[in-house]
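Protein chains in written order, with this note's numbering: chain S, 123 to 432; chain X, 2 to 377; chain H, 4 to 241.
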Amino acid sequence: MLDSDVGNVAYLLQLLLSGLSTGALYALFAVSFVVVWKASSHLNLAAGELGSLAVFAMASLTTSLGFGVWAALAVVLVASLGGGALLQHTLIRPADRRGIFAVVLTTLAVYLVVNAAVGLLWGTQARQAPSPFAGGSGGQLVLLDGPPRAYLTYGDLLALGTLAVVVGAITIGLHRTKLGLAYRAVASNRLSASLSGIPLSRMYMAGWAVSTAIAAMTAFLVGVRNGSIDFQMMTPMLAFGLTAATVGGLDSIRGAVIAGLALGIVVELVPGVLTAVSGDLGLIIALVLVLLTLLVRPQGLYGTKRLERV
Amino acid sequence: MSARFAVGSPVHRAWQSAGLVTLVAGAVTLPLVFDDYRLTQLGQAVAYAVALLGLNVVSGMSGQISLGHGAMFGVGAYTTAILVGDHGFPVAAAIIAAGLLGLAVGVVVGLPALRLRGLYLAIVTIAVVTAFPLLLVQPFGRDLGSGGASGKPILLSFVKPSWFPLDVTAVGFRFSMLALTAVGIFVVTTRLVRSRVGRALIAVRDFETAAVAAGIRAAGVKVGAFAFSTMLGAVGGGLFMLMVPIVSPDSVGFPLSLLFITAMIIGGEERVSGAVVGGLMMVYLPTFTSDMALKVPSLAALPQPGLLATVLYGVILVVFVLFVPRGLMPLATRLRERVIRFVPPGLEGPQSGNPPRPREPSETASPAVRRETAST
Amino acid sequence: MSEPLLQIRDLDAFYGRTQALQGVDLAVDEHEIVVLLGANGAGKTTVLRAISGLLATRGSIAFAGTSLGGRTPEQVVRLGIGHVPQGRGVFGDLTVEENLRVGGFTRSDTTSVEQDIGRWYDVFPRLRERRTQAAAYLSGGEQQMLAIARALMSRPRLLLLDEPSLGLARLVTLDVFATLREINQKEGTAMLLVEQNAELALDVAHRAYVIESGRIEVSGSAESLHEDDAMRRAYLGY
Numbered sequence: 123m124l125d126s127d128v129g130n131v132a133y134l135l136q137l138l139l140s141g142l143s144t145g146a147l148y149a150l151f152a153v154s155f156v157v158v159w160k161a162s163s164h165l166n167l168a169a170g171e172l173g174s175l176a177v178f179a180m181a182s183l184t185t186s187l188g189f190g191v192w193a194a195l196a197v198v199l200v201a202s203l204g205g206g207a208l209l210q211h212t213l214i215r216p217a218d219r220r221g222i223f224a225v226v227l228t229t230l231a232v233y234l235v236v237n238a239a240v241g242l243l244w245g246t247q248a249r250q251a252p253s254p255f256a257g258g259s260g261g262q263l264v265l266l267d268g269p270p271r272a273y274l275t276y277g278d279l280l281a282l283g284t285l286a287v288v289v290g291a292i293t294i295g296l297h298r299t300k301l302g303l304a305y306r307a308v309a310s311n312r313l314s315a316s317l318s319g320i321p322l323s324r325m326y327m328a329g330w331a332v333s334t335a336i337a338a339m340t341a342f343l344v345g346v347r348n349g350s351i352d353f354q355m356m357t358p359m360l361a362f363g364l365t366a367a368t369v370g371g372l373d374s375i376r377g378a379v380i381a382g383l384a385l386g387i388v389v390e391l392v393p394g395v396l397t398a399v400s401g402d403l404g405l406i407i408a409l410v411l412v413l414l415t416l417l418v419r420p421q422g423l424y425g426t427k428r429l430e431r432v
Numbered sequence: 002m003s004a005r006f007a008v009g010s011p012v013h014r015a016w017q018s019a020g021l022v023t024l025v026a027g028a029v030t031l032p033l034v035f036d037d038y039r040l041t042q043l044g045q046a047v048a049y050a051v052a053l054l055g056l057n058v059v060s061g062m063s064g065q066i067s068l069g070h071g072a073m074f075g076v077g078a079y080t081t082a083i084l085v086g087d088h089g090f091p092v093a094a095a096i097i098a099a100g101l102l103g104l105a106v107g108v109v110v111g112l113p114a115l116r117l118r119g120l121y122l123a124i125v126t127i128a129v130v131t132a133f134p135l136l137l138v139q140p141f142g143r144d145l146g147s148g149g150a151s152g153k154p155i156l157l158s159f160v161k162p163s164w165f166p167l168d169v170t171a172v173g174f175r176f177s178m179l180a181l182t183a184v185g186i187f188v189v190t191t192r193l194v195r196s197r198v199g200r201a202l203i204a205v206r207d208f209e210t211a212a213v214a215a216g217i218r219a220a221g222v223k224v225g226a227f228a229f230s231t232m233l234g235a236v237g238g239g240l241f242m243l244m245v246p247i248v249s250p251d252s253v254g255f256p257l258s259l260l261f262i263t264a265m266i267i268g269g270e271e272r273v274s275g276a277v278v279g280g281l282m283m284v285y286l287p288t289f290t291s292d293m294a295l296k297v298p299s300l301a302a303l304p305q306p307g308l309l310a311t312v313l314y315g316v317i318l319v320v321f322v323l324f325v326p327r328g329l330m331p332l333a334t335r336l337r338e339r340v341i342r343f344v345p346p347g348l349e350g351p352q353s354g355n356p357p358r359p360r361e362p363s364e365t366a367s368p369a370v371r372r373e374t375a376s377t
Numbered sequence: 004m005s006e007p008l009l010q011i012r013d014l015d016a017f018y019g020r021t022q023a024l025q026g027v028d029l030a031v032d033e034h035e036i037v038v039l040l041g042a043n044g045a046g047k048t049t050v051l052r053a054i055s056g057l058l059a060t061r062g063s064i065a066f067a068g069t070s071l072g073g074r075t076p077e078q079v080v081r082l083g084i085g086h087v088p089q090g091r092g093v094f095g096d097l098t099v100e101e102n103l104r105v106g107g108f109t110r111s112d113t114t115s116v117e118q119d120i121g122r123w124y125d126v127f128p129r130l131r132e133r134r135t136q137a138a139a140y141l142s143g144g145e146q147q148m149l150a151i152a153r154a155l156m157s158r159p160r161l162l163l164l165d166e167p168s169l170g171l172a173r174l175v176t177l178d179v180f181a182t183l184r185e186i187n188q189k190e191g192t193a194m195l196l197v198e199q200n201a202e203l204a205l206d207v208a209h210r211a212y213v214i215e216s217g218r219i220e221v222s223g224s225a226e227s228l229h230e231d232d233a234m235r236r237a238y239l240g241y
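So this is what it looks like as structure tokens:
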């Protein structure tokens, strides 16, 4: 039943490392859901597609307009901030008057339009991902020389580093700034926040802006990891990101990070250790985890509120 | 607002019976009029409509959103193709088996998700619909006979039997069978919706707390409705296989779910007739847009003009959510009701007595999309 | 006589098709405590929600000569109206001190915000003891005091209080009302107090209104209502 390599430390370490770096992407994407959910109890199902759009725009900036990768990234991150705010302001706010499901449907409409638009503009074939490293993920940082070797690619390091920076920045922003305090107040009690003079609509816009930028960052890192990008690249990520967010608790950044990393490790370890499990069953594992979470602990590992709009 | 489930009046009954006769006659005689190409399209629309009917039941009546219908459709299509092709099942038996499998999946998925209110079902069904196509191309799916990434062809030996009186092609015969089955499903579902069960569902949707107090087991009713809906999704997928030769993993994933959702919103989520409109749209809108795209040179030059239909779907979806939240069919009904007015017995709100206490208008459970003002 | 601080004229409000308020006229003078009495569902909370811009209404609401029509809750706070919602509405997962700081959100001068936090700690010493605790872990009375202090952090000229006695023991309620009286006398903050507990509320108020089924039925000085036995039995039930 167990894989023959299971006694090999380097093999296990490698599974763990690769799980962690995959998990960093899930975690990052989950954080983008949590940021929106915390304040407005909305699910931005279009986040991944907006991320795809951003990374394809990056590809065009670098290949056709001669931008450097980092400059192109900066441009699309700023554009994503604006786009997220604009989306909230123009479509989500009017939909919100008709209830949460109308908001979900609106994000799905955006999903359809953006997904198809990316396919129309850039074609449906995979193309080379914009990456700061040669050949996508770049060189390796070898931790245990093999065979088998245990290593992290530069792309993995970038993913883990980005997760740390983003989560650190959000944590500091939420706990050390006036705006962050206001955001937490909105998350805690919308009515009281509004009666304390906090402009809810601007808080929501800020949340959608940050969430969309994080989604763009995620898509960029997915591209770096895979070496290529295509117009469906974020669809499986949607399921992984939502799973991590749900398992962690949709209003908890910490939950999203821990659940995302854990999900990555489980997805790598289970097929790596058990020979009975063959093939790429990550999404099925994710599905089982979501169902189990809902059965056992619907608010998630670190969530405080149930997943319903109060 | 309850006029949609109007029952009882003789006028209404007569109206319904006439409609039913027309549908049955249409199912049988259309193959005499249309060629195989048109029948295939129409048959696909009818199969979609059956699946959409299921989506109506769960969204319109229980106030929840399922994003997994693409997978349910796929479960039905694959089950039918595998049972018929690999195991020699008769088509009818295979479709029934597909429906039962859909029912089972609905219970497994619905039980954890529907005990809870809110967006749980949406999240779980997204996980289902993204996992399903992947499962098909994995060793596990291939062992079951999914045919992997290239898809599963269906080998139908379903030809016109000698007793069938009309001179139609094999496709025409299949269309008739498909359409008659669909009419049967619509009739049964309509009855169910108007039965005590259906009223319980509406009660749960509109006033969950009160319904629970009145002894309705809200979670049970919702899981039942959801399982019924996934069953219809699977049956729709099975019926679809009467019209198409092959089903592939990329045709039964999240994009199909989104098309179902869009079609449901366009038709109107609360009524069975909306499903037919939605089904027709799912077949004819892509044809229409690709025809249009070919006529405009700058669009025809695009790498994938077929995706224009998807853009259009998205635009339509957001327009309907924001401006026509009840869909097309209620609009049509409102026009009809100017001529004939059905008075629904017992389902109208309180006519007399004390007005209800002022309460927050915004927080009641509701159909997927809330109407801004009450109608009628 | 000068214009009252808050002047409501002919106010109608609707929840869906149900009319919640019908032609409400109500005024609060500068430095005055006014109590709005009535049974559950009579429309008391609706009046406060209408003032704070949480509800679309017909009619006129003017505050210090400015019309409040069409204003958002944030704008109303900035004009100088604090609102302590029903059920206290503390930010449960924020600390006591963070709750107060949120209350001062509309003010840009951080040093004076910090000074005010200290000032309200002096008025409510229990809050100082619990400054680093999450508000959810405070007792009901402490939460009510926190909610009041939070609303005062915006330095309002008028404080709206929605059933501060709800869920509190009588002694705690007495304490809360005594503090409100004190704040009113020291700071001159006008108050519009919505209450079911007529007996205690009339003690603290200068004037009172009684609302029933969305209409103002009685108004007068607090003493006159207190002494009018027939009226008391008819409307206030004690």
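Virtual Cβ for every residue (Gly too), placed ideally from N, Cα, C. These numbers were taken from a predicted model, which means no experiment stands behind them.
Asked	Found
Where the beta strand (DSSP E) through Ile155(X) begins and ends	Element bounds for Ile155(X): n/a, residue is neither H nor E.
Simplified DSSP assignment, three categories, for Thr69(H)	strand
Residue nearest to Gly170(H) in terms of C-alpha spacing, selected from Pro159(H), Ala208(H), Glu198(H) and Glu190(H)	Glu198(H)
Gly347(X) versus Arg200(X): straight-line alpha-carbon distance, rounded	With a pLDDT of 38 at Gly347(X), under the threshold of 50, the predicted position of this residue should be treated as unreliable, and no value is reported.
At least 3 beta-carbon pairs within less than 8 angstroms: the segment 105 to 112 of chain X vs the segment 221 to 241 of chain X	yes
DSSP-derived helix/strand/coil call for Thr293(S)	helix
Given Ser252(X) as reference, the closest of Phe133(X), Ile266(X) and Met293(X) once Cα atoms are compared	Phe133(X)
Bridge partner(s) assigned by DSSP for Gly85(H)	Leu162(H)
Buried or exposed by the 16-neighbour rule on C-beta atoms within 10 Å, applied to Tyr326(S)	buried
Residue interval of the alpha helix (DSSP H) (run including Ile66(X))	Run containing Ile66(X): none; DSSP gives neither H nor E here.
Pro356(X) (DSSP reduced to helix, strand or coil)	Note that Pro356(X) scores 36 on pLDDT, short of 50, meaning its location in the model is unreliable; the coordinates nonetheless yield the value given after this. The answer is coil: DSSP assigns Pro356(X) none of H, G, I, E or B.
C-beta neighbour in chain X for Thr334(S), strict 9 angstroms	no
Unbroken alpha helix (DSSP H) run spanning Leu208(S), endpoints	Val191 to Leu209
Residue range of the beta strand (DSSP E) that includes Met194(H)	Ala193 to Glu198
Distance, Gly425(S) Cα to Ser374(S) Cα	5 angstroms
Contact residues within the segment 242 to 270 of chain X, judged by C-beta distance below 7 angstroms to chain S	Phe255, Leu259, Ile262 and Ile266
DSSP-derived helix/strand/coil call for Gly170(H)	coil
Nearest-angstrom Cβ-Cβ length linking Ala1(X) and Met283(X), presumed shorter than 8 angstroms	Any answer about residue 1(X) is impossible in this case: the structure gives chain X only from 2 up to 377.
Cut-off 6 angstroms between Cβ atoms - residues of its own chain near Gly404(S), not counting five sequence neighbours on either side	Val389
Top-ranked residue by Cα proximity to Gly72(H), from Asp32(H), Arg12(H), Val126(H) and Asn102(H)	Arg12(H)
Burial state of Trp192(S), where buried means 16 or more other Cβ atoms lie within 10 Å	exposed
Pair within 9 angstroms by beta-carbon distance, Ala42(H) and Leu9(H)	no
Rounded separation between Arg91(H) and Pro167(H) - CA only	7 angstroms
Closer than 9 angstroms to chain X by CB, Arg347(S)	no
Buried/exposed call for Asp119(H), threshold 16 Cβ in 10 Å	buried
Cβ neighbour criterion (16 or more within 10 Å) applied to Thr23(X)	exposed
Chain S contact for Leu135(X) (CB, 9 angstroms cutoff)	yes
Neighbouring residues, chain S, relative to Asp96(H) (Cβ below 7 angstroms)	Ser310 and Thr426
C-beta atoms of Leu97(H) and Leu303(S) nearer than 9 angstroms	yes
Extent of the continuous beta strand (DSSP E) to which Val389(S) belongs	It is not in any beta strand (DSSP E) - Val389(S) instead sits in the alpha helix (DSSP H) that spans Ile375 to Val395.
Exposed unless 16 or more other CB atoms sit within 10 angstroms - verdict on Ser186(S)	exposed
Chain X contacts made by the segment 190 to 222 of chain S, where a contact means CB separation under 9 angstroms	Leu213, Pro216, Ala217, Arg219, Arg220, Gly221 and Ile222
Enclosing beta strand (DSSP E) for Arg218(H) [first to last residue]	Arg218 to Ser224
Sufficient close CB pairs (3 or more, under 8 angstroms) joining the segment 308 to 318 of chain S to the segment 196 to 210 of chain S	no
Three-pair Cβ contact test at 8 angstroms for the segment 29 to 40 of chain X versus the segment 264 to 279 of chain X	no
Inter-residue Cα distance where the pair is Arg175(X) and Leu243(X)	6 angstroms
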